[in-house]
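According to this note's numbering, the sequence shown holds residues 112 to 260 in order.
Don't be surprised by glycine CBs; every beta carbon is placed ideally from N, CA and C.
Inspection log for the structure reproduced underneath, given as structure tokens.
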Amino acid sequence: MVRITRKLEFSAAHFYHNPNFSAEENRRVFGKCANPHGHGHNYVLEVTVAGEPDPETGMVLDLKELKDILQREIADRLDHRHLNYEVPELAGKIPTCENIASMIWQLLEPKIRQGKLDRVRLYESPELFAECVADDVSSNGHGAAGRRE
Numbered sequence: 112m113v114r115i116t117r118k119l120e121f122s123a124a125h126f127y128h129n130p131n132f133s134a135e136e137n138r139r140v141f142g143k144c145a146n147p148h149g150h151g152h153n154y155v156l157e158v159t160v161a162g163e164p165d166p167e168t169g170m171v172l173d174l175k176e177l178k179d180i181l182q183r184e185i186a187d188r189l190d191h192r193h194l195n196y197e198v199p200e201l202a203g204k205i206p207t208c209e210n211i212a213s214m215i216w217q218l219l220e221p222k223i224r225q226g227k228l229d230r231v232r233l234y235e236s237p238e239l240f241a242e243c244v245a246d247d248v249s250s251n252g253h254g255a256a257g258r259r260e
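So, in structure tokens, the structure goes:
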């Protein structure tokens with residue numbers, strides 16, 4: 112088994128708000144992230160596909176195809192968007208790094224036709240990432256998330 116990873120960068124804005132919380136509770140739980148005007152991040156996405164290299168090409172999958180999938184499914188959908196308002200897949204969800212990574216997994220998994228989606232790692236900043244991993248996703252449907260500190 113060989114794993115190959117491609118990176119993608121995109122910029123997006125968001126804020127955290129739970130409609131079941133009071134304004135005070137939202138501020139207490141989410142701090143500065145509860146500002147309704149939002150704030151932005153330069154996200155870095157790493158997508159790993161696992162499989163056996165094709166004996167004729169030596170590749171696990173066509174990297175151009177993976178690049179096109181990432182552009183179509185992720186960059187076109189998320190880059191320079193306000194995640195709370197412009198991304199239907201996040202409607203009704205707090206756009207945390209964890210929820211965004213899980214959404215990305217759900218978008219990409221059915222599109223990977225060579226090899227198997229193995230990992231989605233989304234960096235919100237150099238110090239914070241969330242990750243979905245194949246073994247975890249197959250057992251609970253959501254993937255594992257990096258810790259917030």
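Give the secondary structure of residue i by DSSP, where H, G and I count as helix, E and B as strand, and everything else as coil.
| i | result |
| --- | --- |
| L194 | helix |
| V140 | helix |
| A202 | coil |
| L156 | strand |
| E238 | coil |
| R230 | strand |
| I223 | coil |
| S88 | This structure cannot speak to residue 88, because the chain is shown only from 112 to 260. |
| G151 | strand |
Return the CA-CA distance between residue i and residue j, expressed in angstroms with no decimal places.
| i | j | result |
| --- | --- | --- |
| R192 | Y234 | 17 Å |
| K204 | Q182 | 23 Å |
| G149 | I215 | 21 Å |
| A124 | E200 | 15 Å |
| E135 | N195 | 20 Å |
| A186 | F141 | 26 Å |
| R230 | V113 | 13 Å |
| Q217 | L239 | 21 Å |
Considering Cα atoms alone, identify which of the options is closest to residue i.
| i | options | result |
| --- | --- | --- |
| A145 | P130, E176, P166 | P130 |
| H152 | I115, E220, P237, P166 | P237 |
| L119 | R188, P199, A202 | R188 |
| R232 | P166, L218, V155 | V155 |
| V160 | D246, K227, D247 | K227 |
| G169 | F126, V198, I115, E157 | I115 |
| R224 | D190, P147, D179 | D179 |
| A241 | A202, E197, V198, E157 | E157 |
| F126 | R117, N137, E197, P147 | P147 |
query: Are three or more beta carbon pairs between the region 169–180 and the region 196–212 nearer than 8 Å?
result: no
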